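Peer 1:
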Amino acid sequence: MDDDDTPTRKGSPAIKVRVLPEEKAMIEALAASVGESASSYLRLVGLGHQPRSMIDREQARELVRINGDLGRMGGLLKLWLTDDEKLDEFKPARMTRIIRGVLEKIEANQEELRAIVKTVLRARE
């Protein structure tokens, strides 16, 4: 067995801080908002670090929704391009319009996705 004398936080002395119940609740809420325990949050802030907030759950749901929309549209486009029997009933001009419409929707979703990502990244700064 190797006796490693590297200090750990678990074996280090604790700093006790007295706070009012409202202050405790606020510290715990702020810690939870950045995905840290209250102890870890106070240590980070006390050492001058700026805790990074986690992605807002609503923004994450939006990203998942948009990603799903893009996947469904890509799947439809792939189906149209690979299933020759279904394409027989469409004239080339109509198919071109349909494909362009799908591509425009995909591009619109990509723009929406970029805007949400920019919002998330700005919130983390």
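In our numbering, the protein residues as written are -11 to 113.
For each residue, glycine too, the CB sits at the ideal point set by N, CA and C.
Bear in mind that the values here come from a model prediction, so they are computed numbers and not experimental data.
Any idea what DSSP makes of K12, helix, strand or coil?
Peer 2: Position 24 of the sequence shown, counting from 1, holds the residue named residue 12. If DSSP states are grouped into helix, strand and coil, K12 belongs with the helices.
Peer 1: How about L32 and P39: are their beta carbons less than 8 Å apart?
Peer 2: Here residue 32 corresponds to residue number 44 of the sequence shown, with the count starting at 1. Here residue 39 corresponds to residue number 51 of the sequence shown, with the count starting at 1. Yes, the pair counts as a contact, with Cβ atoms nearer than the cut-off.
Peer 1: Can you look up Q38 in the DSSP assignment and give me helix, strand or coil?
Peer 2: Along the sequence shown, read from residue 1 onward, the residue named residue 38 stands at position 50. Coil, per DSSP.
Peer 1: Could you check how far apart the C-beta atoms of V90 and Q47 are, in whole angstroms? I think they sit under 8 Å.
Peer 2: Here residue 90 refers to the residue found at position 102 of the sequence shown. Here residue 47 refers to the residue found at position 59 of the sequence shown. Not confirmed; about 26 Å, so no contact.
Peer 1: Give a yes or no on whether the C-beta atoms belonging to L65 and I87 are separated by under 8 Å.
Peer 2: Translated into positions along the sequence shown, residue 65 becomes position 77. Translated into positions along the sequence shown, residue 87 becomes position 99. It is a contact, given that the beta carbons lie within the stated cut-off.
Peer 1: Please confirm if A81 has its CB atom under 8 Å from at least one CB of chain C.
Peer 2: As a matter of chain content, chain C is missing from the structure shown, which is built from one protein chain.
Peer 1: When the Cα of M83 is compared with those of L69, N55, I94 and I3, which residue comes out closest?
Peer 2: Reading the sequence shown from its first residue, position 95 is the one you call residue 83. M83 has its Cα closest to that of L69, out of L69, N55, I94 and I3.
Peer 1: Compare the C-alpha of A13 against each of E92, T(-6) and A26 and name the closest.
Peer 2: The sequence position of residue 13 within the sequence shown is 25, counting from 1. Cα-wise, what sits closest to A13 is A26.
Peer 1: Sort G62, N55, P80 and R85 by Cα distance to E99 and report the nearest one.
Peer 2: For the purposes of this step, residue 99 is identified with residue 111 of the sequence shown, where counting begins at 1. Ranking the options by Cα distance to E99, first place goes to N55.
Peer 1: Work out the CA separation of K93 and I104 for me, nearest whole Å.
Peer 2: Reading the sequence shown from its first residue, position 116 is the one you call residue 104. Reading the sequence shown from its first residue, position 105 is the one you call residue 93. If I take the Cα positions, the gap works out to 17 Å.
Peer 1: S21 and M42 look like a contact to me (Cβ under 8 Å); what is the Cβ gap, rounded to whole Å?
Peer 2: Looking up residue 21 in the sequence shown gives position 33. Looking up residue 42 in the sequence shown gives position 54. Their Cβ separation, rounded to whole angstroms, is 7 Å, which keeps S21 and M42 in contact under 8 Å.
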